[in-house]
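For reference, the structure is listed below as structure tokens.
In our numbering, the protein residues as written are 478 to 799.
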């Protein structure tokens with residue numbers, strides 16, 4: 478009996494382990510889906526081939542007025558310091574890849590006024606390197622301290638700064654993205670509106686409200702660029718001070734230092750779902766406790782992480798179990 482040859486399109490090539498993309502360097506550790514590297518992330522990025530990364534998600538040390546133990550560059554030097562990393566990120570991105578940068582603002586020393594360093598960086602990324610600003614997003618972090626104390630809690634002339642920028646940049650104007658992957662549950666008001674129905678009208682702004690406005694067949698509401706969770710309808714309220722998560726508990730049990738500037742898992746999770754598919758490669762060149770890698774692996778993506786501090790990477794193993 479003749480056996481027909483299987484059609485090639487019915488089969489997919491097994492995904493290459495990310496460690497094979499960084500052949501010149503030895504991983505500090507690896508999992509089934511990813512590899513973490515100890516050292517300068519420029520070396521890790523430079524060891525990677527062109528066009529292999531679908532998403533770079535990272536939060537580098539901010540240019541804060543006060544020095545942090547994990548290191549941070551001055552505001553005056555920040556753009557020049559960061560651009561070499563950004564050039565390598567741009568090189569390793571696929572044409573439909575994205576670069577998501579979480580960066581906080583800062584105050585000018587001795588003055589109740591804000592620095593523009595992060596805006597200067599964003600302009601340089603677009604105008605000097607050629608990235609495209611796909612969208613500005615924001616992370617509302619209620620756990621942030623009311624600083625600078627002199628202006629916020631002593632003189633009471635400023636309010637608490639609780640929002641950080643999350644810039645979604647892309648290599649081309651049309652990165653891979655699907656907001657159906659991050660739909661939020663419909664609010665009670667929307668469900669009532671769908672049941673009641675709306676009248677077609679034109680708002681004073683000129684927007685048309687037509688008969689399809691109250692339809693809810695899409696499976697959820699489109700999230701705003703201020704990321705949401707169930708606590709609030711309009712904002713993502715996500716602190717980074719969790720005390721009982723497995724990573725923090727294991728650090729305390731073993732006496733390993735907890736990374737002092739962690740972001741919540743919901744932050745990379747949102748963008749990994751929005752901008753990648755299963756099997757895609759996610760890179761975090763300032764990994765810290767490697768929240769990004771752990772979330773990527775949980776979501777079926779491959780990952781590469783890098784950090785300069787051995788203790789932080791050692792503790793990040795706790796995110797992947799024993």
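Even glycine gets a Cβ: it sits at the ideal position worked out from N, Cα and C.
Inter-residue Cα distance where the pair is residue 620 and residue 743: Walking along the chain shown from the start, residue 620 turns up at place 143. Walking along the chain shown from the start, residue 743 turns up at place 266. If you take the alpha carbons of residue 620 and residue 743, they lie about 15 Å apart.
Euclidean distance between Cα positions of residue 789 and residue 766: As a position in the chain shown, residue 789 is number 312, starting the count at 1. As a position in the chain shown, residue 766 is number 289, starting the count at 1. Computed Cα separation, rounded: 6 Å.
Residue 757 and residue 570 closer than 8 Å at C-beta: Taking the chain shown and counting its residues from 1, one reaches residue 757 at position 280. Taking the chain shown and counting its residues from 1, one reaches residue 570 at position 93. No, the pair does not count as a contact, with Cβ atoms beyond the cut-off.
Beta carbon of residue 656 nearer than 8 Å to that of residue 699: Sequence index remark: in the chain shown, residue 656 carries index 179 (1-based). Sequence index remark: in the chain shown, residue 699 carries index 222 (1-based). Yes, these two residues count as a Cβ contact at 8 Å.
Pairwise C-alpha distance: residue 518 and residue 782: Counted from its first residue, the chain shown places residue 782 at position 305. Counted from its first residue, the chain shown places residue 518 at position 41. Approximately 8 Å, taken between the alpha carbons.
DSSP-derived helix/strand/coil call for residue 574: For the purposes of this step, residue 574 is taken as residue 97 along the chain shown, with counting starting at 1. Residue 574: strand per DSSP, three-state reduction.
When 787, 528, 795 and 778 are compared against residue 509, the one with the closest alpha-carbon: In the chain shown, residue 509 corresponds to position 32, counting from 1. Comparing Cα positions, the closest option is 778.
Beta-bridge pairing of residue 567 - partner residues as DSSP gives them: The residue you call residue 567 lines up with position 90 of the chain shown. Its beta-bridge partners do not exist; DSSP assigns none.
Beta-carbon proximity check, residue 617 vs residue 640, cutoff 8 Å: Indexing the chain shown from 1 puts residue 617 at position 140. Indexing the chain shown from 1 puts residue 640 at position 163. Against a cut-off of 8 Å, the Cβ pair of residue 640 and residue 617 comes out as a contact.
Same chain, Cβ closer than 7 Å to residue 658, neighbours up to 5 away in sequence not counted: Locating residue 658 in the chain shown gives position 181, counting from the first residue. Correct list, in chain order: 750 and 751.
Distance, residue 796 Cα to residue 703 Cα: The residue you call residue 703 lines up with position 226 of the chain shown. The residue you call residue 796 lines up with position 319 of the chain shown. Going by the C-alpha atoms only, they are around 27 Å apart.
Close Cβ partners of residue 734 (< 8 Å) along its chain, the five nearest in sequence each way excluded: The count along the chain shown starts at 1 and reaches residue 734 at position 257. 728, 788, 789 and 792, listed in sequence order.
Rounded separation between residue 710 and residue 566 - CA only: The sequence position of residue 710 within the chain shown is 233, counting from 1. The sequence position of residue 566 within the chain shown is 89, counting from 1. Its pLDDT being 36, under 50, residue 710 is placed unreliably by the model, and nothing is read from it.
Close Cβ partners of residue 594 (< 6 Å) along its chain, the five nearest in sequence each way excluded: On the chain shown, residue 594 is found 117 positions in, with the first residue counted as 1. Excluding sequence neighbours, residue 594 sits near 540, 552 and 555.
Reduced DSSP secondary structure (H/G/I, E/B, other) of residue 539: For this step, residue 539 is matched to residue 62 along the chain shown. Three-state DSSP puts residue 539 in coil, outside helix and strand.
Straight-line Cα distance separating residue 538 from residue 547: As a working note, residue 547 is residue 70 in the chain shown. As a working note, residue 538 is residue 61 in the chain shown. Model confidence at residue 547 stands at a pLDDT of 42, short of 50, so the residue's coordinates are unreliable and nothing is read from them.
C-alpha distance - residue 730 paired with residue 771, whole-angstrom precision: Residue mapping note: residue 730 aligns to position 253 of the chain shown, counting from 1. Residue mapping note: residue 771 aligns to position 294 of the chain shown, counting from 1. Their backbone Cα atoms lie some 20 Å apart in a straight line.
Buried or exposed by the 16-neighbour rule on C-beta atoms within 10 Å, applied to residue 696: Position 219 of the chain shown, counted from the first residue, corresponds to residue 696. Classification of residue 696: exposed, given that the 10 Å Cβ count is below 16.
Check whether residue 648 and residue 574 have beta carbons under 8 Å apart: To locate residue 648, count along the chain shown from 1; it is residue 171. To locate residue 574, count along the chain shown from 1; it is residue 97. In contact: residue 648 and residue 574 (Cβ atoms closer than 8 Å).
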